[in-house]
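Below you'll find the structure, written out as structure tokens, and then a few comments.
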Amino acid sequence: MRRPKKGFSTRSVHGGELRDKPFSSVTNPIVQTSTYAFKNTQELIEYTTGKVNREEYGRYGNPTKTVAEHKIAELEGGEDAALFSSGMSAFTSVLLAILSSGSHVIVMDECYRRSAQFCKQTLPRYNINVTFVETGNYNQLESAITDSTRLIVSESPTNPFLNVIDLKKVTDIAARHRVKVLIDGTFATPYNQQPLDFGIDLVLHSATKYLGGHNDLLSGVVVGNASLISAIREFRDITGGIVDPHVAYLLIRGLKTFAIRMEKHNTNALAVARFLAEHPRIRKTYYPGLENHASYKTASSQMSGYGGVVSFEVDGDMETTIRFIDALQIPYIAPSLGGVESLIEQPAIMSYYEMAAADRFQIGIKDELVRFSVGIENVDDLIADLEQALGKI
Ligand SMILES: *Cc1c(COP(=O)(O)O)cnc(C)c1O
């Protein structure tokens, strides 16, 4: 009989770890090595013939990395997980491991800019066909499926408008056509959303964000069933996008407080979103926990919290918005999200600065749009800071 799953915070603290650790240490050691020694040739032969289970070389395995992978797999409710050197390394590896020349992938169009760029620019060079469909348009999604379609890719919630995909609808469509589904759940995290429960095949996270949680590491992870992850891991062990043992330790360390951090991100962001939605100098607030958000119903039915990112449009232009951002004293002006420190950015100037304004407007990225990654500071301080900065525009 399977033991019932322990609570989320218990899994954050203990998940994936051995009870008995080297030297009776309570914390998991960092095995900082590139290679592993064999006592003698006999041991080497036993290893290569599968009689003993151990590590051989750092690109193929590391005990610190393995603990981090098992912890994340437990949090996500998946059989196995593969860690990578960054979220983009995870994303590109999964697509290249699953797709081959002549195959077809469908991507929901509202997504991380580099993911879109990889699909648009790189995959076609390998004769992999890509179709972008409108995010949340399930008819368009189903019509785009062809005999060569292997994979459907979407974020949920999306960046930066926090639209939530109906996971059940997507898996129903995918199952009818025997296509696999990959969800980038970076914004939700396993604390707020468990896509595998809805029949999604693979869940990906930029672990740089909430899983690491402290704005101090880069990593990526993909979770799914053992056979899919094994194929992805094999690809990774050849292409080499592995995570460093020290980063794996930082992830284990950061995940100890994952549940309490996420609780605080969720409550802080909801309070900030409600404050902004009521403020006369804010034109529009995007947060799936607000009743007037397009995804409120879907988010409420398939997520247990709405996450820590709030996007909004200042009532003004590019210059007004710059004045507002520069007047803030607590959030740092920085890309990225998901850490304990609040970060704020104006996408028109930060993540989309290379894009022509006309193209940017077409995907809704206005000059006055702001993305706020709400940290775990005291929410009264964050709101007072927003209030004083809005008073200066
Ligand atoms: C940051 C991010 C990525 C890329 O992750 P890196 O760790 O920066 O490589 C991919 N998807 C989403 C949704 C992200 O926010």
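If you read the sequence shown in our numbering, its first letter stands for residue 611, the second for the next number, and so on. We put the CB at the ideal spot given by N, CA and C, even for glycine.
Beta-bridge pairing of residue i - partner residues as DSSP gives them
i, result
"Val623", "None, per the DSSP bridge assignment."
"Ile816", "Ile is not the amino acid found at residue 816; the sequence shown has Ser there. In DSSP, Ser816 forms a bridge with Gly830."
"Tyr896", "Ser921"
"Phe742", "Val717"
"Phe982", "Val920, Ile954"
"Tyr722", "None, per the DSSP bridge assignment."
"Ala944", "For Ala944, which the question treats as bridged, DSSP gives no partner whatsoever."
"Leu792", "Val763, Leu812"
Residue i, enclosing alpha helix (DSSP H) - first and last residue
i, result
"Asn749", "748–754"
"His903", "No alpha helix (DSSP H) holds His903; DSSP gives it neither H nor E."
"Gln804", "Looking at the DSSP string, Gln804 is not in any alpha helix (DSSP H), and its letter there is neither H nor E."
"Ala999", "989–1000"
"Asn878", "868–888"
"Ser710", "Counting along the chain, Ser710 falls outside any alpha helix (DSSP H), and DSSP gives it neither H nor E."
"Ile848", "836–849"
"Gly864", "855–865"
"Asp977", "No alpha helix (DSSP H) contains Asp977, which DSSP labels as neither H nor E."
"Phe934", "928–937"
"Asp969", "967–972"
Residue i versus residue j - alpha carbon distance
i, j, result
"Ile954", "Phe922", "11 Å"
"Met960", "Lys874", "26 Å"
"Leu709", "Met913", "30 Å"
"Ala754", "Cys721", "18 Å"
"Gly1004", "Ala691", "What is shown of the chain runs 611 to 1003, which leaves residue 1004 out entirely."
"Val641", "Pro855", "6 Å"
"Val623", "Leu821", "13 Å"
"Arg981", "Asn749", "30 Å"
"Pro805", "Glu689", "13 Å"
"Lys976", "Lys819", "24 Å"
"Glu744", "Leu706", "23 Å"
"Leu1000", "Ile935", "9 Å"
"His889", "Gly974", "21 Å"
"Gly917", "Asn802", "7 Å"
"Lys615", "Ile932", "47 Å"
"Phe885", "Ile993", "7 Å"
"Arg970", "Lys778", "31 Å"
"Met611", "Ala683", "Here Met611 scores only 46 on pLDDT, less than 50, and its place in the model should not be relied on; the value that follows carries that caveat. The straight-line gap from Cα to Cα measures roughly 20 Å."
"Pro557", "His787", "Residue 557 cannot be examined here, being either before or after the span of the chain that is shown, 611 to 1003."
"Pro898", "Leu828", "27 Å"
"Arg989", "Leu792", "Note that residue 989 is Val in the sequence shown, not Arg. Rounded to whole angstroms, Val989 to Leu792 spans 34 Å at the Cα level."
"Arg871", "Thr759", "39 Å"
"Gly660", "Leu654", "10 Å"
"Arg846", "Tyr657", "21 Å"
"Gln998", "Arg891", "12 Å"
"Arg723", "Arg863", "29 Å"
"Val924", "Phe771", "15 Å"
"Val677", "Val984", "29 Å"
"Ala785", "Tyr646", "43 Å"
beta-carbon residue i near ligand 2 non-hydrogen atom, thresh 8 Å
i, result
"Arg786", "No copy of ligand 2 occurs in the structure displayed; its ligands are ligand 1 alone."
Opening and closing residue of the beta strand (DSSP E) in which residue i lies
i, result
"Phe694", "690–694"
Distance between beta carbons of residue j and residue i, contact taken as under 8 Å
i, j, result
"Phe742", "Val704", "In fact, because the Cβ distance is near 18 Å, the residues do not count as touching under 8 Å."
"Tyr859", "Asn672", "Not a contact, Cβ separation roughly 10 Å."
"Val780", "Val715", "That pair is no contact at about 14 Å."
### Task
Counting only runs of 3+ residues fully inside the segment 760–787, write out the beta strand (DSSP E) ranges in chain order.
none
### Query
Which runs of the alpha helix (DSSP H), 4 residues or longer, sit entirely within the segment 625–682?
Taken in chain order, the complete alpha helix (DSSP H) segments of 4 residues or longer contained in the segment 625–682 are 651–658.
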